[in-house]
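93 is the number that numbering that gives the first Met the number 0 gives to position 94 of the sequence shown; each next residue is one higher, with no gaps.
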Amino acid sequence: MKQIITGAEVIQVIESLGELAWNRMSTIDMTDLRTIVRSMKIHGRDNFRTEPSFTSWRYKNPNPRIEQLIVEAVNTFRGKVEWVIHVKETGNRNWLIETRRCRETREAKEFDLSKFPTTESYLESIDPQFGMTAAEDVPNLAEHIKNYVQKRLKD
0 MKQIITGAEV IQVIESLGEL AWNRMSTIDM TDLRTIVRSM KIHGRDNFRT
50 EPSFTSWRYK NPNPRIEQLI VEAVNTFRGK VEWVIHVKET GNRNWLIETR
100 RCRETREAKE FDLSKFPTTE SYLESIDPQF GMTAAEDVPN LAEHIKNYVQ
150 KRLKD
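Next comes the structure, spelled out in structure tokens:
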């Protein structure tokens, strides 16, 4: 059986690099077997995510070197879809890793917020395959970030 992608792979790596004040991500609730089985039947695959993945977090004690290495890692990752990382300064440094398509769709305001509460839900409605393809990147993106940061911290 293939590994089921939960969406938590990236945040697990991020958390291994420093204590988090908070985080948010698109994940699959692996505790609800009925949801998993139903979704797998609907989508007919081991990877049943259709909403594009994202990971957002803030470190409790930010380390600029670690943060810069994470940025570089995301920017050098080559997957099935393009990934971007950006920071929002709100008195704190809130980080977000998402697909370029999500970011550009949100910035272009292509969808009606009264019908779709998030960019991800909008993209899921118009192109469910995109979300599944993005989800397939998540474990590789996580591994790339981990390896990239670890290698450069040794230098």
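Cβ atoms here follow ideal geometry from the backbone N, Cα and C, with glycine treated the same way. Quantities reported herein were computed from a predicted structural model and do not represent experimental measurements.
Counting the other Cβ atoms within 10 Å of the Cβ of Pro51 gives 16 or more, which makes it buried.
Taking 8 Å as the cut-off, the Cβ atoms of Leu19 and Arg57 count as close. Beta-bridge annotation (DSSP): Thr54 is paired with Met24, Ile96. For the pair Val73 and Leu140, the Cα-to-Cα distance works out to about 7 Å. Asn22 and Thr54 have their C-alpha atoms some 7 Å from each other. A check of alpha carbon separations from Glu119 across Ile10, Lys150, Thr98 identifies Thr98 as the nearest. According to the DSSP assignment, Lys145 belongs to no beta strand (DSSP E) but to the alpha helix (DSSP H) extending over 127-153. Within its own chain, the residues whose Cβ lies closer than 8 Å to the Cβ of Trp82, once the five positions on either side in sequence are excluded, are Val73, Phe76, Ile96, Glu97, Thr98, Arg99, Asp136, Leu140, listed in chain order. Here Ser25 is buried, its C-beta having at least 16 other C-beta atoms within 10 Å. Excluding its 5 nearest sequence neighbours in each direction, Tyr121 has C-beta neighbours in its own chain below 6 Å: Phe110, Phe115, listed in chain order.
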